[in-house]
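A.B. asks: Questions regarding the structure given below will be posed in turn.
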Amino acid sequence: MEDFELKRVQKKLEDIEVEYKQLNHQILKTRQNEQVERDMLQRRYNGVIYRLEGRRTELEKEQKNYERQLERVEAQMKERKEKEEKEREEKNRGHSSSRRY
């Protein structure tokens, strides 16, 4: 009877060891899969960040170009306005001097 009990307990112990090994293997596989997935997501994230930084650099360059264009246009408008005022003043001087005679 003790022999039977001992064999039964040994069989349960073997079953538990087999189950332990299976679960341990599943845990290891799951961790490996999770690591692969994390690595893939990290690469994807890094790629997105890289592209966004590149796009930001492009937009900053465009902004500087637009600011330079705006400054040129504003300078041209100011120049044109000053020129028109000068021409108006010259016309007014010409009209006022011709009236005096």
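Heads up: the sequence shown begins at 989 in the numbering used here, then just goes up one per residue.
Don't be surprised by glycine CBs; every beta carbon is placed ideally from N, CA and C.
#1: Would DSSP call M1028 helix, strand or coil?
#2: Can we count E1067 as close to the ligand NAP, meaning its CB is less than 7 angstroms from some heavy atom?
#3: Can you tell me which of the three DSSP states N1034 falls into?
#4: Rounded to a whole number of angstroms, what is the C-alpha to C-alpha distance between K1017 and E1005?
#5: Give the DSSP-derived three-state secondary structure of M1065 in the structure shown.
C.D. replies: Let me lay it out:
#1: Correct three-state label for M1028: helix.
#2: No copy of the ligand NAP occurs in the structure displayed, which carries no ligand at all.
#3: helix
#4: 18 angstroms
#5: helix
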